[in-house]
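Undergrad: Residue numbering for the sequence shown follows the working numbering, beginning at 52 and increasing consecutively.
The structure is given below, and queries will be raised subsequently.
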Amino acid sequence: MEVKPAWWKESVVYQVYWRSFCDTNGDGIGDLQGVIAKLDYIQSLGVTMVWINPFNESPDKDNGYDVSDYYAVMPKAGTMEDFERLVAQTHARGMKVMMDVVVNHTSDRHPWFIESRSSVDNPKRDWYIWRDGKEKETGEKGTAKEPPTNWRSYFNPSCWELDEASGQYYMHSFATEQPDLNWANPELRMEIYTMLRFWLDKGVDGLRLDALALLAKPEIFTDVEEPREIKYLTHNPGLHDFLQEMNREVFRHYDMMTVGEIAFATPETGPLFVDEERGELNTLFHFEVADEMPEWDMLRFKKIQKEWAEALAGRGFGSQFLNNHDHTRQVSRYGNDQDYRVQSAKLLAMMIHTLPGIPYIYQGEEIGMTGVRYETIGDYNDIAMLNKYVEEVGKGKDPAAVFRALQPLSRDNSRTPMQWDTSLHAGFSNVKPWIKVNPNYVEINVEQAEKDSHSVLAFYRELIGLRKSNPVMVYGDFTDISGDDPYLYGYAREHDGTEWIVLLNHSGETRTFTLSNHCLGSDTLQLALVLGNYAETDPEWVMEERTIELRPYEARIYEVLG
Ligand code: TEU
Ligand code: CA
52 MEVKPAWWKE SVVYQVYWRS FCDTNGDGIG DLQGVIAKLD YIQSLGVTMV WINPFNESPD
112 KDNGYDVSDY YAVMPKAGTM EDFERLVAQT HARGMKVMMD VVVNHTSDRH PWFIESRSSV
172 DNPKRDWYIW RDGKEKETGE KGTAKEPPTN WRSYFNPSCW ELDEASGQYY MHSFATEQPD
232 LNWANPELRM EIYTMLRFWL DKGVDGLRLD ALALLAKPEI FTDVEEPREI KYLTHNPGLH
292 DFLQEMNREV FRHYDMMTVG EIAFATPETG PLFVDEERGE LNTLFHFEVA DEMPEWDMLR
352 FKKIQKEWAE ALAGRGFGSQ FLNNHDHTRQ VSRYGNDQDY RVQSAKLLAM MIHTLPGIPY
412 IYQGEEIGMT GVRYETIGDY NDIAMLNKYV EEVGKGKDPA AVFRALQPLS RDNSRTPMQW
472 DTSLHAGFSN VKPWIKVNPN YVEINVEQAE KDSHSVLAFY RELIGLRKSN PVMVYGDFTD
532 ISGDDPYLYG YAREHDGTEW IVLLNHSGET RTFTLSNHCL GSDTLQLALV LGNYAETDPE
592 WVMEERTIEL RPYEARIYEV LG
């Protein structure tokens with residue numbers, strides 16, 4: 052099936068974790084007015100869409116992913132007027148707004164849940180997942196209650212929480228303060244669709260759908276062999292029916308973009324969510340890299356990219372990212388933030404923007420911001436890390452060892468305040484921020500980057516700019532031309548007679564790339580350099596050679612001239 056052009060396929064999305072972006076009212080927390088204040092900067096990157104993490108009313112147990120009022124803006128983010136101004140100001144700059152909606156669960160403080168838990172026969176009881184516990188023999192004392200199944204949650208040893216009043220358990224796939232909604236209930240679903248229309252009618256152009264793979268639950272819950280293999284929370288029967296209904300009821304009535312956060316999606320199951328014939332989502336995030344590749348593994352990355360490109364070709368559109376608010380900063384995790392921070396930040400950027408799919412930029416990535424190592428567990432905020440720390444130390448493990456083990460992948464690594472300049476608190480706020488600024492803000496900040504024509508920031512602007520005038524980046528097919536080299540990655544993109552070759556040396560040594568297995572049509576090869584991440588690289592015409600030498604973390608895009 053020919054891939055039809057569409058505006059959303061040509062998107063470059065900039066993710067704003069607003070609470071760490073810019074504080075304008077001196078409470079140490081970023082806010083929507085801070086996003087508005089920085090829209091000129093965001094526009095200067097050349098991005099087409101701004102994804103705002105959740106800002107709805109919330110007790111903030113999981114930084115906004117525990118919604119207590121879908122129709123309100125949480126005061127620390129600002130007001131509804133602020134949001135409406137943010138939409139208008141973003142549109143005025145020719146960019147679109149993507150909202151982050153959390154519909155798998157609410158806060159335990161949402162009125163719906165308060166009603167649901169108030170009594171077993173409350174009309175909203177079935178809007179959540181309630182089950183009786185199991186009776187467990189305890190010998191001398193008779194029996195005791197235990198959770199309905201041995202399932203874990205993402206943030207706790209059990210996904211079941213006992214409600215003393217009713218004696219039943221409610222399900223929470225994340226924190227106990229995040230009870231799962233019962234999507235099998237049609238009344239609940241219609242309520243969610245009404246809420247989505249409310250925000251789309253305010254001019255929202257895109258939805259990032261949180262934890263979407265968890266919406267469907269099994270009719271009968273049964274114990275699992277290995278509770279730590281948490282996949283059982285996802286991809287249960289009925290999921291696609293819900294998404295097709297959501298599309299019929301909401302999406303198809305708007306000129307919009309949808310991206311689903313689909314945990315455990317694979318090249319076999321992923322296309323079912325974005326196949327343009329199925330009427331579900333426009334695109335998806337899979338986590339075969341971010342969740343399942345703890346550190347850089349070139350061969351594994353190549354395999355994942357090849358399998359997804361083949362699975363989606365002609366069927367649907369993917370997305371490319373290496374970090375977000377849940378995953379530590381890419382230059383630290385998948386690049387080299389010591390000797391080659393700038394070169395490797397640019398290499399990773401070129402890779403994400405030239406592989407097939409919509410590229411996402413997480414705030415600060417464009418200046419090469421790095422992960423952080425706070426001194427004590429008290430410096431950390433992330434509920435996932437804090438719960439895990441308590442769970443592991445509770446097993447008798449050495450607290451210092453547990454702390455060190457949790458630091459590299461803590462979600463707080465990517466939630467440190469945006470580094471604007473060298474002033475106190477990095478220009479993020481004029482008071483002590485809600486979470487400590489990364490001490491390296493004095494070297495890594497926007498103000499310094501703006502003065503350096505060879506900065507990561509300048510490179511991102513060039514890279515994003517290329518997309519507007521080179522459809523091959525968006526619609527080109529994909530061929531891996533580097534085989535199983537563990538350091539060198541090369542691939543070709545071809546569209547409408549234009550062929551690009553991307554060559555990457557993901558290592559700290561100079562290496563030679565041989566193009567022997569590509570462009571076999573002719574024994575001379577004419578390549579023109581489109582973009583390189585080393586300043587001193589002339590526009591090269593490689594004649595009669597089939598080898599190109601690449602310096603440490605060097606990345607180049609060539610156009611094949613013949
Ligand atoms: O994350 C969902 C989540 O944690 C997993 O489904 C996913 O596979 C992956 O592990 C994420 O890295 C979303 C939000 O992004 C996260 O911030 C929230 O804490 C969570 O849902 C609960 O709303
Ligand atoms: Ca503020």
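By construction, the Cβ of each residue, glycine as well, lies at the ideal position given by its N, Cα and C atoms.
Shorter than 7 Å, the distance from the beta carbon of residue 82 to the closest heavy atom of ligand 2, or not?
TA: yes
Undergrad: Residue 302 by DSSP, collapsed to three states: which one?
TA: helix
Undergrad: Does the beta carbon of residue 267 fall short of 7 Å from some heavy atom of ligand 1?
TA: no
Undergrad: Skipping 5 residues on each side, what residues in its chain have a beta carbon closer than 7 Å to that of residue 430?
TA: 487
Undergrad: Looking only at C-alpha atoms, which of 293, 86, 81 and 226 sits nearest to residue 136?
TA: 86
Undergrad: Check whether the Cβ of residue 494 lies closer than 7 Å to any heavy atom of ligand 1, and answer yes or no.
TA: no
Undergrad: What residue range is occupied by the uninterrupted beta strand (DSSP E) comprising residue 103?
TA: 100-103
Undergrad: Would you kindly work out how many angstroms separate the C-alpha atoms of residue 453 and residue 444, rounded to a whole number?
TA: Those two C-alpha atoms are separated by around 7 Å.
Undergrad: Is residue 322 helix, strand or coil by DSSP?
TA: Here DSSP, grouped into helix, strand and coil, assigns residue 322 to helix.
Undergrad: On the DSSP bridge assignment, give the partners of residue 227 in chain order.
TA: For residue 227, which the question treats as bridged, DSSP gives no partner whatsoever.
Undergrad: Out of curiosity, what's the CA-to-CA distance linking residue 519 and residue 544?
TA: 16 Å
Undergrad: If you scan the segment 217-293 from start to end, which runs of the alpha helix (DSSP H) of 4 or more residues do you find wholly inside it?
TA: 237-251
Undergrad: Using a threshold of 8 Å, state whether the C-beta atoms of residue 254 and residue 148 are closer than that.
TA: yes
Undergrad: Hey, out of 229, 476 and 192, whose CA is closest to residue 205's CA?
TA: 229
Undergrad: So if DSSP puts residue 196 in a beta bridge, which residue, or which two residues, is it bridged to?
TA: 186
Undergrad: Quick check: what's the CA-CA separation for residue 175 versus residue 227?
TA: 19 Å
Undergrad: How far does the alpha helix (DSSP H) with residue 139 in it extend, from its first residue to its last?
TA: Segment 131-143, the alpha helix (DSSP H) holding residue 139.
Undergrad: State the Cα-Cα distance for the pair residue 566 and residue 540, rounded to the nearest angstrom.
TA: 11 Å
Undergrad: Relative to the alpha-carbon of residue 289, which residue among 221, 295, 517 and 267 has its alpha-carbon at the smallest distance?
TA: 267
Undergrad: Leaving out five residues on either side along the sequence, give the residues of the same chain with a beta carbon under 6 Å from the beta carbon of residue 516.
TA: If we look at residue 516 and ignore the five residues flanking it on each side, its Cβ neighbours are 97.
Undergrad: Quick one, are the C-beta atoms of residue 133 and residue 83 less than 8 Å apart?
TA: yes
Undergrad: So residue 212 is in the beta strand (DSSP E); what residue range does that whole segment cover?
TA: Run containing residue 212: 211-214, per the beta strand (DSSP E) assignment.
Undergrad: Answer yes or no: do residue 325 and residue 317 have a C-beta to C-beta separation smaller than 8 Å?
TA: no
Undergrad: Using 7 Å as the cut-off, classify the Cβ of residue 378 as near or not near the heavy atoms of ligand 1, replying yes or no.
TA: Correct: residue 378 has its Cβ closer than 7 Å to ligand 1.
Undergrad: By how many angstroms is the C-alpha of residue 536 removed from the C-alpha of residue 599?
TA: 15 Å
Undergrad: Have a look at the DSSP bridge pairing and note the partners of residue 545.
TA: 528 and 550
Undergrad: Please classify residue 604: does DSSP put it in a helix, a strand, or coil?
TA: coil
Undergrad: Do the segment 462-470 and the segment 480-496 touch if we need at least three Cβ pairs shorter than 8 Å?
TA: Yes: the two stretches touch, three or more of their Cβ pairs being nearer than 8 Å.
Undergrad: Enumerate in chain order the residues of its own chain whose CB-to-CB distance from residue 160 is below 6 Å, with the five nearest sequence positions on each side excluded.
TA: 110 and 119
Undergrad: Starting from the Cα of residue 475, find the closest Cα among 273, 79 and 459 and give me that residue.
TA: 79
Undergrad: Which complete alpha helix (DSSP H) runs does the segment 461-533 hold, if anything under 4 residues is left out?
TA: Here the runs fully enclosed are 497-501, 507-520 and 522-526.
Undergrad: Name the DSSP bridge partner or partners of residue 410?
TA: 371
Undergrad: Looking at residue 401: is its Cβ nearer than 8 Å to the Cβ of residue 243?
TA: For the pair residue 401 and residue 243, the CB atoms are not nearer than the 8 Å cut-off.
Undergrad: Terminal residues of the continuous alpha helix (DSSP H) containing residue 31?
TA: Given that the chain is displayed from residue 52 to residue 613, the structure contains no residue 31 and the question cannot be resolved.
Undergrad: Does the distance between the C-beta of residue 387 and the nearest non-hydrogen atom of ligand 2 fall short of 7 Å?
TA: no
Undergrad: On the DSSP letters alone, give me the boundaries of the beta strand (DSSP E) that residue 312 sits inside.
TA: 308-312
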